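Note sheet for the following structure.
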Amino acid sequence: MITRFAPSPTGPLHLGHAYSAILAHDMARAAGGQFLLRIEDIDQTRSKPAWESQLIDDLNWLGVWWDAEPMRQSERLPAYSQALDMLWNMGLIYPCTCTRSDIAAAMSAPQEGAELSSGPDGLIYPGTCRDEMWFERTFPETHPRPQTATLRMNMALAAGRSDAFDHRIDTPTGGWHSYAGYQETGMGPSGKTGRIEFTPEDMTKGVGDIVVARRDMGTSYHLSVVLDDAAQGITHVIRGADLTEATKIHVLLQHILRLPTPSYHHHRLIRDDQGKRLAKRDDARALSKYRAEGATPSDIRRMVGLPSG
Ligand code: GLU
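Heads up: the sequence shown begins at 272 in the working numbering, then just goes up one per residue.
Below you can see the structure in the form of structure tokens.
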């Protein structure tokens, strides 16, 4: 078993991160497996070395250690570029010049003030740039992939690939599940099923043409996470239930890029007193704050509902 924790160094780690990291770490330890760290720093404008040192310090303080040098996404651009070439040569991706407001304008035209539909990759792209590039997509070998463009994946083509949906993702998102002896009630999207299931139609209607490369980054969260999990040999992805919908995208990309699909475990989310999910900006719940107030790692474990260890 190889598990991982993949934080972005864009802010302080909070109680929710602590829960996720401890589960992944302890699950690997209990199985005699490995636990790896990945620094998700593709967003170079928001990532800061100071946040990275802080998160490493917080994790070690919690008793979370990793078995290899951390993988750093900012050093993986050649791998991302190679995968984008592959998708381009398959005719599955196209350049997009729309801004967020172009997308909102294109979507809100029919019903004034109606809620814009969004999915795990944000607003569901209305397809404005999709067909203009048909020729280029059809003859990718004579039209090299633009290097500094936003690239989207044509979801209808990608999801329609017949081999992409021949199985369901078994994932303990529902019912009781045990992580290294800790029981937790999983909270899947439906709250009922232990499986994530999706059809090509779910992907086109509920997700749409995802961004696989941002102009300023040369990659995207979804593409990087899939390539990195494969490169690190991750067998079990343990992460919050907020990423359950994104897992569908990841499994689809794995099929297309011929990568193995790990087992996915989506754990419950740690919430604040109002029942709101903790976000990066919730500095009030930062581990560093509790540490400064004299909390011990056992206190943190108790606060997130784990045995004190
Ligand atoms: N870097 C992501 C985050 O901090 C997590 C990625 C993942 O677990 O797939 O939310």
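Quick reminder that beta carbons are idealized off the backbone N, C-alpha and C, glycines included.
Fair warning: this is a prediction, and the values are worked out from it, not measured in the lab.
Q. Quick one: is F276 buried, meaning 16 or more other Cβ sit within 10 Å of its Cβ, or exposed?
A. Burial call: buried.
Q) Sorted by chain position, which residues of the same chain lie with C-beta nearer than 6 Å to I541's C-beta, five sequence neighbours on each side aside? A) L286, G287, Y290, L549 and V575
Q. Among the residues of its own chain, which have a CB less than 8 Å from the CB of I527, if the five just before and after it don't count?
A. L358, M361, L363, A429, R432 and A435
**Q.** Segment limits, alpha helix (DSSP H) that includes R562
**A.** For R562, the enclosing alpha helix (DSSP H) stretches over residues L558 to A563.
Q: Give the range of the beta strand (DSSP E) segment to which G511 is assigned.
A: H507 to G511
Q: Give the DSSP-derived three-state secondary structure of I374 in the structure shown.
A: helix
Q: Compute the Euclidean distance between the alpha carbons of R317 and T281, then round it to the nearest angstrom.
A: 5 Å
Q) For the candidate residues E516, D356 and S372, whose alpha-carbon lies nearest to that of E412? A) D356
Q.
Less than 8 Å between C-beta atoms, sequence neighbours within five positions excluded: which residues of the same chain meet that for R562?
A. D329 and W332
(Q) Restricting to runs no shorter than 4 residues, where is the alpha helix (DSSP H) found entirely within the segment 308-335? (A) 320-333
Q. If you run the structure through DSSP and keep just helix, strand and coil, what is Y365?
A. strand
(Q) Which residues neighbour the ligand GLU when neighbourhood means a C-beta less than 6 Å away from any of its non-hydrogen atoms? List them by chain order. (A) A277, P278, S279, E311, V496, R510 and L514
**Q.** DSSP state of G282 mapped onto helix, strand, coil
**A.** coil
Q | Per-residue DSSP class, three states only, for I481 | A | coil
Q.
Which residues does DSSP list as the beta-bridge partners of Q305?
A. I273
Q) Between the segment 478-498 and the segment 300-317, do three or more beta carbon pairs fall short of 8 Å? A) The segment 478-498 is in contact with the segment 300-317.
Q. Which class does G390 belong to by DSSP, given the choice of helix, strand or coil?
A. strand
Q: Just grab the DSSP bridge partners of H538 for me.
A: G511
(Q) Going by C-alpha to C-alpha distance, which of A350, Q545 and P283 sits closest to K319? (A) P283
(Q) On the DSSP letters alone, give me the boundaries of the beta strand (DSSP E) that M424 sits inside. (A) T421 to M424
Q) How many whole angstroms separate the CB atoms of D401 and D480, which I take to be in contact at a CB cut-off of 8 Å? A) The displayed chain sequence assigns Arg, not Asp, to residue 401. With a contact defined as Cβ atoms closer than 8 Å, R401 and D480 qualify at about 7 Å.
Q. CA-CA distance, L387 and T567?
A. 45 Å
Q: Taking only the alpha-carbon atoms, compute the straight-line gap between A354 and R572 and give it to the nearest angstrom.
A: 39 Å
Q: Report yes if the CB atom of R423 is closer than 8 Å to the CB atom of C367, and no otherwise.
A: It is a contact, given that the beta carbons lie within the stated cut-off.
Q.
Can you give me the C-alpha to C-alpha distance between A484 and A420, rounded to a whole angstrom?
A. 8 Å
Q. Rounded to a whole number of angstroms, what is the C-alpha to C-alpha distance between I293 and V335?
A. A straight-line Cα-Cα distance of about 7 Å links I293 and V335.
Q.
By alpha-carbon positions, which one of P391, Y351 and R300 ends up nearest to I520?
A. With distances taken between Cα atoms, I520 lies closest to P391.
Q: Report buried or exposed for A339, applying the criterion of at least 16 other Cβ atoms within 10 angstroms of its Cβ.
A: exposed
Q: Just the C-alpha distance for F469 and T515, rounded to the nearest angstrom, thanks.
A: The alpha-carbon atoms of F469 and T515 are separated by roughly 12 Å.
Q: State the beta-bridge partners of R343 as determined by DSSP.
A: I310
Q. For M378, which residues of its own chain have a beta-carbon under 6 Å away from its beta-carbon, when the five flanking residues on both sides are left out?
A. Taken in chain order, the residues that qualify are L387 and P397.
Q: Return helix, strand or coil for R548, following the three-state DSSP convention.
A: strand
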